[in-house]
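Per numbering that gives the first Met the number 0, residue 0 is the first one in the sequence shown, and the count goes up by one each step. Beta carbons are placed, not taken as given, at the ideal position from N, Cα and C, and that holds for glycine.
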Amino acid sequence: MADVVDNVELDLAWQYVTETNKLVFVTGKAGTGKTTFLHKLKNNTLKRTVVVAPTGVAAINAKGVTIHSFFQLPFGPIVPNNHNQSSHSFNRKFGKTKINIIKSMDLLIIDEISMVRADLLDGIDATLRRFRNKQKIFGGVQVVMIGDLQQLAPVMKEQEWEVLKTYYRNGYFFSSRAYQEANPVVIELKHIYRQKDPNFIKVLNEIRTNTLSEESASILNKRYKPDFVPATNDGFIQLATHNKLAKLTNSKELDSLNGEEHIYNAEITGKFPEHAYPNALALRLKVGAQVMFIKNDSATDKRFFNGKIGKVMALDESEVVVRCPDDDFNIITKAETWDNITYSVNKETKAIEETKLGSFTQIPLRLAWAITIHKSQGLTFEKAIIDVEGAFAHGQTYVALSRCKSLAGLVLKSKITPNQIINDSQVVDFNESAYKNQPDADTLMAAQREFQLDLISEIFNFYHFLYPVNRILDAYYKHKASIAGNLEAPMGEIKERVTNLLKVSNRFSLQLRQDFDAATLPEVNSKLQERFVKGIAYYKTELDSFIKPAVTAFNFTTDNKTIETELLKHLHSLELLLEIKYIYFGGLSNGFKTKTYLDLRAKAVFMKAEKPKKLKAMVVDGTINVELFELLRVLRNDIAQDNDLVHYQIFTQKALYAICETLPTSKQALLAIPGMGKVRVEKYGAAILEVVREFCRENDISFSDKQTTDDLEHSATLKKEKIDTKTQSLNLYKSGKTIAEIAAIRALNENTIFGHLASFISAGLVKPTDLISETHLKELQELIPKHPFENLSDLKHQLDDKFSYGEIRLVLELLQ
């Protein structure tokens, strides 16, 4: 449709969809280019787009998916009160890919909106809010609805309406709560491409609005020919109100032909639901049969289109030769393929892509002596025989008559009377109200400007930082006795800075709206862009100087695994929010571009979706003796496991922290540690003190002067042992003892013995593979250089739990 370029309404609709975030309802009479607009939008918009339709056939034609399958909605009534509850309707489990698509999509196109029920549109709204922004209509997704309310209406069974009538004025989509809240822009396409005759256009318009005048009725009923029998090659198709009548007519006509019947069986691959089959599974044809093409030609010469009528001239196993009345050539018709698609996310580009689930391959022809009015929607016929005497639904008469290109090609089997023109007064009232305020260039400019300003405000909005910060502080204040570390100060700093940034961003957003020319868009406003770049620099400095250092300074340790998981979860959220802001500020440092920001925002969704590989405990940075901290943690866990106890029953996290700070080497010093009472010291003191003393020996740390006489005597023994303790372990190892046996003999920790023996590797007295398996050795030699770390504990947390501290320390020394 080359002349679409000059269509003011189509151009306006295109700009509203692609350059604003407004919800748009694109409507118009039959033949005004709605389907063409949809395909252009789908193929050319830069927004991340998903297309859905209410029925399987409509979805295949729109090259999209059905509403029910994409949003996993039930087929029965959807009661609006349940939208935000965990009812069966909205508690269905969504896969990660589907959730990522929903979270990252910019645009949702709903085709054939006239057939979408009010409760179904509210169901879409509820699902989008569930996975995106609960406070925004459709979760913040831009929705474009395409269709004509004067055509086919939604199907609503009587028992379904009994359930829903309490909540809705009628079953149409515009009665939904979502539509009422959305207040979309309504754009009516006015230029009719299908019909050229002004008299016929006038007749159709009056039927559409149920205002058929006597003059128009007289013009129309001149086409009344009850006894009309088309000639064999005329190419007329009959439009019937009921499917049974259409099937009966086609079967009767096919059976009346002489000659051999050919059956063409469809080929189905993958998943392709039966209700969405675009053609017969077994297509019966004979030479002389009247057929209709049901697909546009995929070849470059475009010999046929969806709805073109012809006659079968010849048949063979794989192709059908068709001749159309106005052509001077035969069309050799081979099988065409319809794809059943779903949406997926490209792992590398993060773009929303179509993924083929299955295909349906069949000759793109259907017997066409007759077709139902319902199946004719969207088609165009040169010649049609229409019988609407049995019309039973809103819009049927209008759909049937508007399929025809001209009055000359129209034959009526029954006269058109007001009885056959069924129009819903609620639709007429809605259209009159909706069409009153058609948008123009000025309203478009305002919407474009508002869209861009909203995006700029979003870039500088730090509100989402407050949630993880507040949750961390809440957990800390509630469980203060169980948490140690530098937690309150950095979170307080972030909260204070974020609160200040929110005030700044609010003022900035207000200034952008008040101080700059409303006649130009932010993207092309040089003064605004200058302010934007300065804003980026200011906010980045705030991140660099205050928020990032505070996040880095945050550390804690706790005995409670539930608290630990909760704190780490919110820390991860905070780190991601920070990383996303850096990505935004880096990508937009030279100025604001809508497309650039939309791309960055879509990629950020997938960053949010990623979870930490494994939540691990943090070691408090204030602990100068990190190695001892880990040795004591290992000891505590071993004792707890051996005695079937909870680890903090041995000693608490705060006690662990205090031991690492004060290095008690006597029972008296250990008793001075908060939480280390007589019972605990009696039961576990010897093992704890042994680890501390060995750590002191290894690191040449002298003991405190504040010790008893017994302690001093023991200290002297320790100092004496220090001279040959490692050699003693080596001698025992050389005599054939294992590390475990040496530890038992010497009443030392196995980690200590491991360290003793590792110290002799450099002298060649012990081989690395004596202490570590060759597999672990090779793995660690490859892994360690790939992990930046601040200390041994930091590195241990980044590696698999199968590697011990001793093994890691050993390989570190080998790599130096």
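Of all C-beta pairs linking the region 247-265 to the region 283-303, three or more are shorter than 8 Å, placing the two stretches in contact. For Ile752, same chain residues with a beta-carbon under 6 Å away, outside a window of 5 residues either side, are Ser728, Ile738, Ile741, Ala742 in chain order. For the region 302-377, the continuous alpha helix (DSSP H) assignments of 4+ residues that do not extend past its boundaries occur at 372-375, in sequence order.
When only Cα atoms are considered, Gly408 and Tyr167 end up about 42 Å apart. Looking at the backbone, the Cα of Leu630 and that of Val645 are separated by about 18 Å. Excluding residues up to 5 positions away in sequence, Pro767 lie with their Cβ nearer than 7 Å to the Cβ of Leu813 in the same chain. In the three-state scheme derived from DSSP, where H, G and I count as helix and E and B as strand, Tyr434 is classed as coil. Within the same chain, Met490 come within 6 Å of Leu472 by CB-CB distance, once the 5 residues on both sides are set aside. Rounded to whole angstroms, the Cβ separation of Ile206 and Leu400 is 6 Å, and the two are in contact under 8 Å. Between the region 565-585 and the region 453-468, the count of C-beta pairs closer than 8 Å reaches three or more; the two stretches touch. In this structure, DSSP gives Tyr171 an extended state, which the three-state scheme calls strand.
Just measuring C-alpha positions, the residue of Thr379, Ile372, Thr354, Trp337 sitting nearest Thr360 is Trp337. According to the DSSP assignment, Gln447 belongs to the alpha helix (DSSP H) that extends over 440-458. Runs of alpha helix (DSSP H) with 4 or more residues, each lying fully within the region 84-123, are found at 95-103, listed in chain order. With a contact defined as Cβ atoms closer than 8 Å, Phe24 and Val49 miss out at about 18 Å. With contacts defined as CB atoms closer than 8 Å, Glu111 and Ala52 qualify as a contacting pair.
Taken atom to atom, the span from the alpha-carbon of Ile638 to that of Leu655 is near 14 Å.
Using a 10 angstroms sphere on the CB of Lys404, the tally of other CB atoms reaches 16 or more, which defines it as buried.
Under the criterion of beta carbons closer than 8 Å, Pro521 and Phe591 qualify as touching, at roughly 6 Å. In the DSSP assignment, Arg283 forms a beta bridge with Ile262. When the alpha-carbon of Ala685 is set against those of Thr664, Pro784, Tyr192, Ala239, the nearest one is in Thr664. Annotation for Phe235: Pro229, Lys382, Ile384 place their beta carbon closer than 6 Å to its own, counting only its chain and skipping 5 residues before and after. For Ala440, the number of other beta carbons within 10 angstroms of its own is below 16, and it is reported as exposed. Straight through space, the alpha carbons of Val765 and Arg600 are spaced by roughly 56 Å. When only Cα atoms are considered, His274 and Thr26 end up about 27 Å apart. When the alpha-carbon of Ala334 is set against those of Phe328, Val320, Pro438, the nearest one is in Val320.
Between Thr54 and Met114, the CB-CB gap stays under 8 Å.
By the Cβ criterion, the region 463-472 is in contact with the region 565-574, since at least three pairs of Cβ atoms, one from each stretch, lie closer than 8 Å.
DSSP lists Ala483 as the bridge partner or partners of Thr556. For Met312, the closest C-alpha among the options Gly269, Asn232, Leu238 is that of Asn232. A Cβ-Cβ distance of about 20 Å is found for the pair Phe137 and Leu148, leaving them out of contact under the 8 Å criterion. The region 505-512 and the region 521-538 touch, with no fewer than 3 CB-CB distances between them shorter than 8 Å.
In the structure shown, Glu388 falls within a coil segment according to DSSP collapsed to helix, strand and coil.
When secondary structure is reduced to three states using DSSP, Gly63 falls in the coil class, being assigned neither helix nor strand.
Sequence-distant partners of Asn750 (beyond 5 residues in either direction) whose C-beta falls short of 8 Å from its own C-beta, in its chain, are Leu630, Val633, Ser803, Tyr804, Gly805. When C-alpha distances from Asp300 are compared across Asp598, Leu314, Phe328, Tyr276, the shortest belongs to Phe328.
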